[in-house]
Amino acid sequence: MSSEVRLAEERLALTDRIIGLEEQVHELQSASRLSPTETMVVEAKLAGMQSSLTWRAGRVVTLPVRVIRVIKRRVLG
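Each residue of the sequence shown is one higher than the last, beginning at 476 in the numbering used here.
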C-alpha cells in the first residue's frame, strides 16, 4: 500500500471521528436541561450539603491530597 493511500485512509478515519464527535456534542447540548425551578432546588440542596459538618470535615481530611494534586499538575504539567 502506497503512502498516499495510507494517508488518504488516515484522513478519512480522522474525518469520520470528527463527525462522530460533533454528533455527540450536539446530542449533549440538546439534552434536556433543568427548569429554573429545578435549578434553584438543586442549588439549595448543594448549598445545604456544603454547609454540613460532614462536608467541611471531608474537605479538611482531603486537603493534603488536593494540595499534592495541584502541585503535581503544576510541576509536571
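Where a beta carbon is used, it is the ideal one built from N, C-alpha and C, also for glycine.
C-beta contact flag for residue i and residue j at 8 Å
| i | j | result |
| --- | --- | --- |
| L509 | V500 | no |
Residues of its chain near residue i, where Cβ-Cβ distance is below 7 Å and the 5 sequence neighbours each way are ignored
| i | result |
| --- | --- |
| L487 | none |
Boundaries of the alpha helix (DSSP H) in which residue i is found, first to last residue
| i | result |
| --- | --- |
| M476 | Neither: M476 is in no alpha helix (DSSP H) and is coded neither H nor E. |
| G533 | L528 to L551 |
| L509 | First-last for L509: undefined, no H or E at that position. |
Contacts around residue i, its chain only, beta-carbon distance under 6 Å, and the 5 residues preceding and following it disregarded
| i | result |
| --- | --- |
| V536 | none |
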